[in-house]
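Visitor: In this note's numbering, the protein residues as written are 51 to 343. Every residue gets a Cβ at the ideal spot worked out from N, C-alpha and C, and that includes glycine.
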């Protein structure tokens, strides 16, 4: 992939590095790797990053194709959106996003890499965000390091909208609200998180969509992205997710935490277009909304 820009009047006299860093948002590490490969071009010729540019000059930087150590594996993928820069996939519950040493296959990464290989465009697997094994829904994947960096920057700055649907026990006192409670790893545990004043800031907006006999369907929007944030915050206010054995949820109705990444909205890093993606509920959660008589 090549990122190309035309130097505008306001950038007259800027250095190549400033145009790339401030104008295009290229990270320092990405620029360093490109310079090492002499992959920064000014009007088609390799150029040093301290050269000053004139309006109308064409500046471009090429991304190196990288090989992944993950084993490609054929699997059925539910692709919600795809273009040459990004891909959004509906991950089913029970599947890891990325392989572990003890579980090197059967993950979303294995399937995506096989799909790209069949297309003749192999690339590294770069998830912009991750969801737990037993959480279903949208996973956004970047196809190169520049797009990955730009999307993660949007997410970290709160410019990416991430909405989940959660099924929780009980009926919430307020129809909508914001949970502001710092989260950290529980002492002595490698997995479990807990609300604690010493934790990292965590903010979650919620709105009750429906109330049913087993509890409530809640739409959740993340401002921050801490591990287990939705699960920890809903448990913290006394309404753990159905099926969430780690945080005290009712295990009788569903065999995993009832959490689904249902919606993402972000600015496309290359085209600037606003991308809005929606992902329908999987069968196990849908069944709880329409129980059989």
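How big is the Cα-Cα spacing for residue 75 and residue 310?
Guide: Taking the straight line from one Cα to the other gives about 31 angstroms.
Visitor: Taking residue 35 as the reference, give the member of 255, 237 and 259 with the closest Cα.
Guide: Outside the shown range of the chain (51 to 343) lies residue 35, about which nothing can therefore be said.
Visitor: Looking at the secondary structure, which residues open and close the alpha helix (DSSP H) in which residue 167 lies?
Guide: 158-169 is the extent of the alpha helix (DSSP H) around residue 167.
Visitor: DSSP puts residue 177 in a beta bridge; with which residues?
Guide: Partner(s): 191.
Visitor: Output the boundary residues of the beta strand (DSSP E) element that contains residue 234.
Guide: Its beta strand (DSSP E) spans residues 233-235.
Visitor: Is it buried or exposed for residue 299, if we count other Cβ within 10 angstroms and need 16 for buried?
Guide: Counting Cβ neighbours within 10 Å, residue 299 comes out buried, since at least 16 surround it.
Visitor: So who's on the other strand from residue 132, going by DSSP bridges?
Guide: DSSP, once it has assigned bridges, lists 137 as partnering residue 132.
Visitor: Assuming residue 59 and residue 105 make a contact with CB atoms under 8 angstroms, what is their CB distance in whole Å?
Guide: Going by Cβ atoms, the distance from residue 59 to residue 105 rounds to 5 angstroms, so yes, they are a contact pair.
Visitor: Output the distance between the C-alpha atoms of residue 293 and residue 278, rounded to the nearest integer angstrom.
Guide: About 14 angstroms.
Visitor: Check whether the segment 163-182 and the segment 325-332 touch, using three or more Cβ-Cβ pairs below 8 angstroms as the test.
Guide: These segments do not touch.
Visitor: Does the distance from the CB of residue 89 to the CB of residue 57 come in under 7 angstroms?
Guide: Contact flag unset, no.
Visitor: Near residue 295, what residues of its chain come up, given a Cβ to Cβ distance below 7 angstroms and the 5 sequence neighbours on each side ignored?
Guide: Counting only Cβ-Cβ distances below 7 angstroms, and skipping sequence neighbours, we find 301.
Visitor: Please confirm if the segment 221-237 is in contact with the segment 186-195, defined as three or more CB-CB distances below 8 angstroms between the two stretches.
Guide: They do not touch, by the three-pair rule.
Visitor: Take residue 226 and list the residues in its own chain whose beta-carbon comes closer than 8 angstroms to its own, dropping the five residues that flank it on each side.
Guide: If we look at residue 226 and ignore the five residues flanking it on each side, its Cβ neighbours are 255, 256, 257 and 258.
Visitor: Across the segment 118-136 and the segment 164-179, are there enough close Cβ pairs to call them in contact, namely three or more that are closer than 8 angstroms?
Guide: Yes: the two stretches touch, three or more of their Cβ pairs being nearer than 8 angstroms.
Visitor: Residue ranges of each beta strand (DSSP E) run of no fewer than 3 residues wholly in the segment 241-322, ordered along the chain?
Guide: Qualifying beta strand (DSSP E) stretches, in chain order: 243-245, 253-262, 265-272 and 309-317.
Visitor: Relative to the alpha-carbon of residue 157, which residue among 122, 134, 260 and 97 has its alpha-carbon at the smallest distance?
Guide: Ranking 122, 134, 260 and 97 by Cα distance to residue 157 puts 122 first.
Visitor: Taking C-alpha atoms, which residue in 84, 101 and 288 lies nearest to residue 68?
Guide: Taking only the C-alpha atoms, the option nearest residue 68 is 101.
Visitor: Near residue 218, what residues of its chain come up, given a Cβ to Cβ distance below 6 angstroms and the 5 sequence neighbours on each side ignored?
Guide: Around residue 218: 265, 266, 268, 284, 289 and 291.
Visitor: For residue 63, collect the residues of the same chain with a Cβ closer than 6 angstroms to its Cβ; drop the 5 residues on either side in sequence, then sort them by chain order.
Guide: Closer than 6 angstroms at the Cβ level, and outside the excluded window around residue 63, lie 102.
Visitor: Where do the N-terminal and C-terminal ends of the alpha helix (DSSP H) with residue 104 fall, by residue?
Guide: That residue, residue 104, is in no alpha helix (DSSP H); it is neither H nor E in DSSP.
Visitor: Tell me residue 325's beta-bridge partners as DSSP assigns them.
Guide: Beta-bridge pairing links residue 325 to 316.
Visitor: With distances taken from CA atoms, which of 305, 138 and 242 is nearest residue 281?
Guide: It is 242 whose Cα lies nearest to the Cα of residue 281.
Visitor: Can the beta-carbon of residue 330 be found less than 7 angstroms from the beta-carbon of residue 186?
Guide: Not in contact: residue 330 and residue 186 (Cβ atoms no closer than 7 angstroms).
Visitor: Identify, in the order they occur along the chain, each residue of the same chain with its Cβ nearer than 8 angstroms to the Cβ of residue 320, setting aside the five sequence neighbours on each side.
Guide: 53, 135 and 197.
Visitor: Which whole-angstrom value is the C-beta distance of residue 271 and residue 212, which I expect to be below 8 angstroms?
Guide: With 8 angstroms as the limit, residue 271 and residue 212 qualify as a contact, their Cβ atoms being about 7 angstroms apart.
Visitor: Out of curiosity, what's the CA-to-CA distance linking residue 113 and residue 287?
Guide: If you take the alpha carbons of residue 113 and residue 287, they lie about 46 angstroms apart.
Visitor: Based on Cα-Cα distance, which residue from 147, 260, 80 and 111 lies nearest to residue 94?
Guide: Selected option, being the one with the closest Cα: 111.
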